[in-house]
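J.:
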DNA sequence: GGTGTTGTTAACAAGTCGTTCACACCTACT
DNA sequence: AGTAGGTGTGAACGACTTGTTAACAACACC
């Protein structure tokens, strides 16, 4: 079932795992309480809240219920059922309206859907299908904005996904897109060591070729640009043979006790450079 | 809290004024061309464009078709039909996917809907119902995130959604519809960088085909028209590799050559560049 | 049917950025 | 300590992105 093993670069931060619909509030309007009972069992196992009604409440009451979806049998609405649906749709444009009926004619279904129903299901109907259809309707209003674009604060930096840019005291670090994505990925997993392979796969989007040094080069560019604005912190730490770890730290004074991972003085490298 | 704003903003896509669905592009993938023929009669009378196919095209081809809806019989997709639907949904999140089959099991329907189908209709099916259901799905599409209808003041410009036009000191910039919608979108997210893909999707309503330069061309037209009336401001800023950002700024012409490109770094020492 | 407007597509020019290479330096291990 | 391989650094080339223009197609209006 491994359709895509692309680790999404998104959603790295908090979100609980299930991508399915979070928790919905629904109401079932029907004479037959049996169907409501069966549905409730499944709905509540999903964390949904269900309310069983025997008639359609007034608009004000409906509004205060803040329903995500209303499941309704139009026979309860009398001859003006279509107008009622139209009225509901007009006043609660965000709420899903799902009609469930005994076998009906094409004309009725078309009329109901045109009046504003989001779906029309013929009873008897399996609860699971009803739930799936409600989820499908709910899904339609999500996908516009997917990413969590929360600013990340680390040391003197603020990393803003909505700007594709990092800032230090309000000044832009002037990162390119790849540089930013790399920093964003690292900063989204503070304290974690990320292997080069994983970094490459999640930022570049495909598998790293053997001997590819792109990650190293970009780490260097990042360190350089960051140091221009925030030289007092160490943000990106190298783990030899493994990868890199993001963690804003104020460099400690030389301590012999400090173990290997701390790359104490790298500045000496610059000294001998002039000859070249 | 979905009920706060009762006034829905007509999504930019097309729609002149009538509440019913404007003109949709749909494709029917089926072995039985008869159904497509019957449907076409009705669809074209509504001004819809219909395309009959006997197999699912590649994603690139689908993208360039800019379909609003795809009507498909999963028996054409082979045993991996659910995965295919999932794939389509992932790559064309805005396109409606309507499945039409011979009588099916609850399990199949749930699977298909969970995989991303917006509706599952059992054949034989009346064309009118199919059309009504597609319209219903399309109706759901808009609320994603409406733009403000309040006038936006930015620099010397005032952008009025109620007039579909922008003004500078009372004079109309004479923007076309698309030009205005692009400007409106940008100006409604001041300071934020919007990716081309997102811009295209929200202004044009479709997923951007690879290599499409429409956004760039319209950005240029916008800049040109704006500069005619308000040459002292920079409104639209390019973010290389990402997209555009709206933010009225007075250019810093006074600075001789210091802060413009890359400040203070010898990076400017690029070979032939400095001479110019 | 003609005309003007609007949107799309193609092509070229000008820049920018990403990859690669070479080499210096460092770590870990024998 | 010596060595092999991993990492830091700088520069150059090439691929890609963007600006710009113009021709073309689609559409509404007269």
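Residue numbers (UniProt numbering), protein chains in the order written: chain A, 1 to 276; chain B, 1 to 276.
The beta carbon of each residue, even a glycine, is placed where N, CA and C say it ideally should be.
Owing to the predicted nature of the structure, the values given are computational and were not obtained by experimental measurement.
#1: When we look at the beta-carbon of residue 60/B and count the other beta-carbons within 10 Å, is it buried (16 or more) or exposed?
#2: With DSSP as the reference, please indicate the residues paired to residue 194/B in a beta bridge.
#3: Please list, in chain order, all residues of the same chain as residue 40/B whose beta carbon is under 6 Å from its beta carbon, the five residues on each side excluded.
#4: State buried or exposed for residue 163/A, treating a residue as buried only when at least 16 other CB atoms are found within 10 Å of its CB.
#5: Report the rounded CA-to-CA distance for residue 126/A versus residue 62/A, giving the unit in angstroms.
#6: I'd like to know whether the C-beta of residue 169/A is nearer than 8 Å to at least one C-beta of chain B.
#7: How would you label residue 206/B, buried or exposed, when you count the other beta carbons within 10 angstroms and need 16 or more for buried?
#8: Which of the three DSSP states is assigned to residue 233/A in this structure?
#9: So what's residue 100/A in DSSP terms, helix, strand or just coil?
#10: Kindly indicate which three-state DSSP category residue 39/A falls into: helix, strand or coil?
#11: Following the continuous alpha helix (DSSP H) through residue 122/A, name the residue where it begins and the one where it ends.
#12: By DSSP's criteria, residue 52/A is part of a beta bridge. Which residues make up the other side?
#13: Using a C-beta to C-beta distance shorter than 9 Å, which residues of chain A count as neighbours of residue 214/B?
#14: Measuring only from the beta carbon, is residue 138/A closer than 7 Å to any heavy atom that is part of the ligand ATP?
#15: Count the other C-beta atoms from every protein chain shown that fall within 10 angstroms of the C-beta of residue 99/A, then say buried if there are 16 or more, exposed otherwise.
#16: From this set, 23/A, 245/A, 151/A, which residue's C-alpha is nearest residue 278/A's C-alpha?
#17: Answer yes or no: does any C-beta atom of chain B fall closer than 8 Å to that of residue 114/A?
#18: In this structure, does DSSP put residue 210/A in helix, strand or coil?
#19: Using the beta-carbon of each residue, which ones in chain A are nearer than 7 Å to residue 129/B?
#20: Is residue 158/A helix, strand or coil when you go by DSSP?
#21: Would you say residue 149/B faces chain A, with C-beta separation under 8 Å as the test?
#22: Just to confirm, is the Cβ distance from residue 201/A to residue 180/A under 8 Å?
#23: Taking the Cβ atom as the reference point for each residue, do residue 114/A and residue 129/B lie within a distance shorter than 8 Å?
#24: Enumerated in chain order, which unbroken segments of the beta strand (DSSP E) with a length of 3 residues or greater are wholly contained in the region 57–118 of chain A?
#25: Quick one: grab the DSSP three-state call for residue 255/A.
#26: If you reduce the DSSP assignment to three classes, tell me which class residue 167/A lands in.
#27: Could you give the distance in angstroms between the alpha-carbon of residue 204/B and the alpha-carbon of residue 93/A?
#28: For chain B, is any of its Cβ atoms less than 8 Å away from the one on residue 163/A?
#29: Comparing alpha-carbon positions, which option in 231/B, 178/B, 245/B, 227/B lies nearest residue 217/B?
#30: Starting from residue 228/B, follow its DSSP beta bridges and name the residues at the other end.
#31: Return helix, strand or coil for residue 239/B, following the three-state DSSP convention.
#32: Between residue 137/A and residue 112/A, which are expected to be in contact by the criterion C-beta below 8 Å, what is the C-beta distance as a whole number of angstroms?
#33: Alpha carbon to alpha carbon, how far is residue 211/A from residue 158/A? Give it in angstroms, no decimals.
#34: Could you check whether residue 27/A and residue 53/A sit closer than 8 Å to each other, using their CB atoms as the reference points?
#35: To the nearest angstrom, how far is it from the Cα of residue 173/A to the Cα of residue 240/B?
T.: Reading it off the structure:
#1: exposed
#2: 244/B.
#3: Cβ within range, chain order: 50.
#4: Burial call: buried.
#5: Rounded to the nearest angstrom, the two C-alpha atoms are 26 Å apart.
#6: no
#7: buried
#8: In the three-state scheme derived from DSSP, where H, G and I count as helix and E and B as strand, residue 233/A is classed as coil.
#9: strand
#10: helix
#11: Where residue 122/A is concerned, there is no enclosing alpha helix (DSSP H), although the beta strand (DSSP E) it sits in stretches over 119–122.
#12: 28/A
#13: Those do not exist, as residue 214/B stays about 20 Å from chain A at its closest Cβ, beyond 9 Å.
#14: Ligands in the displayed structure: none, and consequently the ligand ATP is not present.
#15: buried
#16: A question about residue 278/A goes unanswered here, because the residues of chain A that appear run from 1 up to 276.
#17: At least one chain B Cβ lies under 8 Å of residue 114/A.
#18: coil
#19: 106, 109, 110
#20: Note: residue 158/A maps to strand in three-state DSSP.
#21: Chain A contact via Cβ: absent.
#22: No, the pair does not count as a contact, with Cβ atoms beyond the cut-off.
#23: no
#24: With a minimum length of 3 residues, the continuous beta strand (DSSP E) runs that stay inside the region 57–118 of chain A are 69–72, 96–101.
#25: Low confidence applies to residue 255/A: its pLDDT is 44, below 50, so where it sits in the model is not reliable, and the reading given next is rough at best. Residue state, collapsed to three classes: coil.
#26: Strand, per DSSP.
#27: 23 Å
#28: For residue 163/A, the nearest CB of chain B lies under 8 Å from its own CB, placing it at the interface with that chain.
#29: 178/B
#30: Paired residue(s): none; residue 228/B is not in a bridge.
#31: strand
#32: Their Cβ separation, rounded to whole angstroms, is 15 Å, which puts residue 137/A and residue 112/A out of contact at 8 Å.
#33: 32 Å
#34: yes
#35: 14 Å
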